[in-house]
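Engineer: If you want my numbering, it's the 1-based position in the sequence shown plus 17. Heads up, the beta-carbon is just placed ideally off N, CA and C, and yes, glycines get one too. Here it is, the structure, as structure tokens.
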Amino acid sequence: MSLKSCIFCSVISIYSVFSVVGDLHAQCYTFGPNVRVNDDPAGSVHHTTLSSGGHTIAARGDTVYLAWADDRGPVRSIYFSKSVDKGLTWSENRKVSGDDDSYFQSLAADEKGYIYVVWSNDYSDIYHTRSTDGGESFGPITVVNDTIPSPGWFPSVAADTCGNVYVAWEDFRQDKPDIYFAKSTDGGSSFGPSIRVDDTGTGDSHQWHPTIGVDRSEECVHIAWMDDRPGGDLLFHIYSATSTDGGESFGPNVLVVDTSGGGSTERQGDPSLVVGDDGVVYVVWTDFRGGTHIRFSKSIDHGDSFIGETVVSSHPGSQSQAYASLAHDSSGNLYVAWRDYMDWPSEFDIYFAMSTDGGDSFVCHTRVDDTGNDGSWQWNPTIAVNENGDVFVAWEDDRHFPAPPGFDIYFASGALTGIYEDVNDWVIVDDLQVRVYPNPFSKCCWFRIPPSASHPRIAIYNVMGQKVRGLYLSPGEQSMAWDGSDSQGRDLPPGHYFCRLSVGGEGKTTKLVKVH
Numbered sequence: 018m019s020l021k022s023c024i025f026c027s028v029i030s031i032y033s034v035f036s037v038v039g040d041l042h043a044q045c046y047t048f049g050p051n052v053r054v055n056d057d058p059a060g061s062v063h064h065t066t067l068s069s070g071g072h073t074i075a076a077r078g079d080t081v082y083l084a085w086a087d088d089r090g091p092v093r094s095i096y097f098s099k100s101v102d103k104g105l106t107w108s109e110n111r112k113v114s115g116d117d118d119s120y121f122q123s124l125a126a127d128e129k130g131y132i133y134v135v136w137s138n139d140y141s142d143i144y145h146t147r148s149t150d151g152g153e154s155f156g157p158i159t160v161v162n163d164t165i166p167s168p169g170w171f172p173s174v175a176a177d178t179c180g181n182v183y184v185a186w187e188d189f190r191q192d193k194p195d196i197y198f199a200k201s202t203d204g205g206s207s208f209g210p211s212i213r214v215d216d217t218g219t220g221d222s223h224q225w226h227p228t229i230g231v232d233r234s235e236e237c238v239h240i241a242w243m244d245d246r247p248g249g250d251l252l253f254h255i256y257s258a259t260s261t262d263g264g265e266s267f268g269p270n271v272l273v274v275d276t277s278g279g280g281s282t283e284r285q286g287d288p289s290l291v292v293g294d295d296g297v298v299y300v301v302w303t304d305f306r307g308g309t310h311i312r313f314s315k316s317i318d319h320g321d322s323f324i325g326e327t328v329v330s331s332h333p334g335s336q337s338q339a340y341a342s343l344a345h346d347s348s349g350n351l352y353v354a355w356r357d358y359m360d361w362p363s364e365f366d367i368y369f370a371m372s373t374d375g376g377d378s379f380v381c382h383t384r385v386d387d388t389g390n391d392g393s394w395q396w397n398p399t400i401a402v403n404e405n406g407d408v409f410v411a412w413e414d415d416r417h418f419p420a421p422p423g424f425d426i427y428f429a430s431g432a433l434t435g436i437y438e439d440v441n442d443w444v445i446v447d448d449l450q451v452r453v454y455p456n457p458f459s460k461c462c463w464f465r466i467p468p469s470a471s472h473p474r475i476a477i478y479n480v481m482g483q484k485v486r487g488l489y490l491s492p493g494e495q496s497m498a499w500d501g502s503d504s505q506g507r508d509l510p511p512g513h514y515f516c517r518l519s520v521g522g523e524g525k526t527t528k529l530v531k532v533h
């Protein structure tokens, strides 16, 4: 059974001596073939999508924009490419940075299709450039920070429809990293004063890797970052701050998740933040509690506090998850991609999950790269979604070279499929079987299960993944009839349905067809 296991096969009975099964959900994403984006020889030099906040890709309709750092020239430079066919083909790679070594790019696009790219250079200043023609050309390069030179790294950029550009970065002007911010009101031609965001004063703590988002309806700017206050012990937690005046000032710093108790296993890092159209602030990060996992939290009060904490993926086969990138759509759905050490003892792969309930749960855990178990490494994913719900993921990949510096830039697009079983909830089921007859049926069908099943339950789902009927068998009972009605006794219309047999924490699903 593949990771993207869709259960559209027509079966009358299922026999399983050793099967992998999971929970039933309404929709999932299937990712297509991986496409190499960089147009220099494969595996020749290092290319990286590493970005503070994991935002170096954007999409509008079928057009996808991507930036990365690239070693093909005499110095490391920032390159850009775009696809107008959902990533099937890519334009000639274009260098957008200057003549100095350049690192840690971040990309944003606004509703007009203007593209904004920021990065730090060898002198550790923060730079910006903009394209107003869909990436065909880029304008002058401008300095973002107001102290030259002011050592700065890992910028993160956001933009709105009014020509405002917002940039956050880690800044060393006080000999240790703090979080600073600057805003442009003229599309990036110039930037205002650099404003310090963290409120740690002159203490010994460190603030790293900011990620920025904008609530366009409220003039709120939200920034999250790694922070090891109070003692500067490099045991990081995730903090955030909000500006309610468009970036003129920032309020008190807020601890996103309280992991009281200390110790190296309590640390968090590498946050990725987005702001929904309704102003809800969403954050994912790498978390070292109980292993290395991706966790999620959100704020529904414009960043004043954060509620809930969800493990994005808790698959027992995963040993190390990190470098998550978060995206959202206008319907409030959330999409996460991350690096996962799951399928082979010597490789990292790219995985994906989504949430349709505001982050209360994540489903559709799916592998994105198509390298199989070849021992190659995939790192630093970046994710975007367009207005149609198409998902786009890019990452760095060494499938053509077994060790650095041979990482290339690869890409895959994901499209919705139908009913599926979730890899995150897979369990091993021994000798579990359910027979359904007749199938198709008109007035009535029978379910028959093995006598070894203790306290079995049967649930009927429609093609939207909604449970329409529950049936319970008494201990020792091996068969039960269903008359095709829902839990209210109403006759269900003809169509496709799914029967799920659950015994304890195990389950099996098969398809039913009701006809006239």
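Leaving out five residues on either side along the sequence, give the residues of the same chain with a beta carbon under 6 Å from the beta carbon of Ala498.
Structural biologist: Locating residue 498 in the sequence shown gives position 481, counting from the first residue. Result list for Ala498: Cys461 and Trp463, in chain order.
Engineer: For Gly71 versus Ser289, is the C-beta spacing smaller than 7 Å?
Structural biologist: Taking the sequence shown and counting its residues from 1, one reaches residue 71 at position 54. Taking the sequence shown and counting its residues from 1, one reaches residue 289 at position 272. Cβ atoms of Gly71 and Ser289: closer than 7 Å.
Engineer: Cβ of Ile74 within 7 Å of Cβ of Thr399?
Structural biologist: As a first step, residue 74 is located in the sequence shown; it is residue number 57 there, counting from the start. As a first step, residue 399 is located in the sequence shown; it is residue number 382 there, counting from the start. Result yes, Cβ atoms of Ile74 and Thr399 sit closer than 7 Å.
Engineer: Count the CB pairs spanning the segment 154-164 and the segment 192-201 that are closer than 8 Å, and state whether there are at least three.
Structural biologist: A contact exists between the segment 154-164 and the segment 192-201.
Engineer: DSSP on Glu326, reduced to helix/strand/coil?
Structural biologist: What you label residue 326 is simply residue 309 of the sequence shown in a count that begins at 1. The answer is strand: DSSP assigns Glu326 an E or B state.
Engineer: Along the beta strand (DSSP E) that carries Cys461, what are the first and last residues, could you check?
Structural biologist: As a working note, residue 461 is residue 444 in the sequence shown. It is not in any beta strand (DSSP E) - Cys461 carries neither H nor E in the DSSP assignment.
Engineer: In this structure, does DSSP put Glu265 in helix, strand or coil?
Structural biologist: As a position in the sequence shown, residue 265 is number 248, starting the count at 1. Correct three-state label for Glu265: coil.
Engineer: Tell me which residue opens and which closes the beta strand (DSSP E) that Ala339 is part of.
Structural biologist: Locating residue 339 in the sequence shown gives position 322, counting from the first residue. Counting along the chain, the beta strand (DSSP E) containing Ala339 begins and ends at Gln338 to His345.
Engineer: Taking C-alpha atoms, which residue in Tyr299, Ser519 and Pro269 lies nearest to Ala341?
Structural biologist: For the purposes of this step, residue 341 is taken as the residue at position 324 of the sequence shown. Ranking the options by Cα distance to Ala341, first place goes to Tyr299.
Engineer: Out of Ser148, Gly263 and Ala258, which has the shortest C-alpha to C-alpha gap to Ala126?
Structural biologist: In the sequence shown, the residue the question calls residue 126 occupies position 109. Selected option, being the one with the closest Cα: Ser148.
Engineer: Closer than 8 Å by C-beta to Gly375: which residues in its own chain qualify, once you throw out the five before and the five after it? Chain order, please.
Structural biologist: In the sequence shown, counting from the first residue as 1, residue 375 sits at position 358. Excluding sequence neighbours, Gly375 sits near Val297, Lys315, Gly349 and Leu351.
Engineer: My understanding is that Ser98 touches Val54, with C-beta atoms under 8 Å, so please give their C-beta distance in whole angstroms.
Structural biologist: On the sequence shown, position 81 is the one that residue 98 refers to. On the sequence shown, position 37 is the one that residue 54 refers to. Going by Cβ atoms, the distance from Ser98 to Val54 rounds to 6 Å, so yes, they are a contact pair.
Engineer: Among residues of its own chain, excluding the 5 on either side of Ser173, which ones have a beta-carbon nearer than 6 Å to its beta-carbon?
Structural biologist: The residue labelled residue 173 in the question sits at position 156 within the sequence shown. If we look at Ser173 and ignore the five residues flanking it on each side, its Cβ neighbours are Ser69, Gly70, Ser123, Ala185, Pro227, Thr228 and Ile229.
Engineer: For the beta strand (DSSP E) containing Trp355, list its first residue and its last residue.
Structural biologist: The sequence position of residue 355 within the sequence shown is 338, counting from 1. Residues Leu351 to Asp357.
Engineer: CA-CA distance, Leu449 and Asp287?
Structural biologist: For the purposes of this step, residue 449 is taken as residue 432 along the sequence shown, with counting starting at 1. For the purposes of this step, residue 287 is taken as residue 270 along the sequence shown, with counting starting at 1. With a pLDDT of 47 at Leu449, under the threshold of 50, the predicted position of this residue should be treated as unreliable, though the coordinate-derived value follows. Answer to the nearest angstrom: the Cα atoms are 42 Å apart.
Engineer: When the Cα atoms are used, what is the spatial distance from Phe189 to Tyr82?
Structural biologist: Mapped onto the sequence shown, residue 189 falls at position 172. Mapped onto the sequence shown, residue 82 falls at position 65. Taking the straight line from one Cα to the other gives about 30 Å.
Engineer: In its own chain, which residues sit with a C-beta less than 6 Å from the C-beta of Ser108, not counting the 5 before and 5 after it?
Structural biologist: Residue numbering aside, residue 108 sits at position 91 when the sequence shown is read from its first letter. Within the same chain, Ser108 has close Cβ partners Ser98 and Lys99.
Engineer: Can you pull the DSSP bridge partners for His310?
Structural biologist: Looking up residue 310 in the sequence shown gives position 293. In the DSSP output, where bridge partners are listed per residue, His310 has Asp304.
Engineer: Nearest by alpha-carbon distance to Thr80: which of Leu529, Val408, Trp412 and Gln505 is it?
Structural biologist: Working through the sequence shown from its first residue, we reach residue 80 at position 63. The shortest C-alpha separation from Thr80 is found at Val408.
Engineer: Would you mind stating whether Arg474 and Ser519 have Cβ atoms separated by less than 7 Å?
Structural biologist: Within the sequence shown, the letter at position 457 stands for residue 474. Within the sequence shown, the letter at position 502 stands for residue 519. Result yes, Cβ atoms of Arg474 and Ser519 sit closer than 7 Å.
Engineer: Answer with buried or exposed for Thr527, where buried requires no fewer than 16 other C-beta atoms within 10 angstroms of its C-beta.
Structural biologist: In the sequence shown, residue 527 corresponds to position 510, counting from 1. Buried.
Engineer: What residues match up with His513 in a beta bridge as DSSP calls it?
Structural biologist: The residue given as residue 513 occupies position 496 in the sequence shown. Its beta-bridge partners are Val530.
Engineer: Is it buried or exposed, Asn138, if we count other Cβ atoms within 10 angstroms and call 16 or more buried?
Structural biologist: As a working note, residue 138 is residue 121 in the sequence shown. Under this definition Asn138 is a buried residue.
Engineer: Roughly how many angstroms lie between the CA atoms of Cys516 and Ser504, to the nearest whole one?
Structural biologist: Mapped onto the sequence shown, residue 516 falls at position 499. Mapped onto the sequence shown, residue 504 falls at position 487. Cα to Cα, the separation comes out at about 14 Å.
Engineer: Between Ser266, Asp386 and Gly218, which has its C-alpha nearest Asp357's C-alpha?
Structural biologist: The residue labelled residue 357 in the question sits at position 340 within the sequence shown. Considering only alpha carbons, the answer is Asp386.
Engineer: Who are the Cβ neighbours of Val410 in its own chain at under 6 Å, not counting the five residues just before and after it?
Structural biologist: Here residue 410 refers to the residue found at position 393 of the sequence shown. Closer than 6 Å at Cβ, skipping near neighbours: Ala354, Val385, Pro398, Ile400 and Ala429.
Engineer: Residues in the same chain with beta-carbon distance under 6 Å from Phe369, minus the five sequence neighbours each way, listed in chain order, please.
Structural biologist: By one-based count along the sequence shown, residue 369 stands at place 352. Correct list, in chain order: Ala354, Thr383 and Val385.
Engineer: Assign Asn405 to one of two classes, buried (16 or more other C-beta atoms within 10 Å of its C-beta) or exposed (fewer than that).
Structural biologist: Indexing the sequence shown from 1 puts residue 405 at position 388. It is exposed - the Cβ of Asn405 has fewer than 16 other Cβ atoms within 10 Å.
Engineer: For Phe379, which residues in the same chain have their Cβ closer than 6 Å to its Cβ, ignoring the five residues on either side in sequence?
Structural biologist: If you number the sequence shown from 1, residue 379 lands on position 362. Excluding sequence neighbours, Phe379 sits near Val329, Ala370 and Ser372.
Engineer: Under the assumption that Asp294 contacts Ser347 (Cβ atoms under 8 Å), give the Cβ distance between them as a whole number of angstroms.
Structural biologist: Stepping through the sequence shown from its first residue, residue 294 is reached at position 277. Stepping through the sequence shown from its first residue, residue 347 is reached at position 330. About 5 Å separates the two Cβ atoms, so the contact holds.
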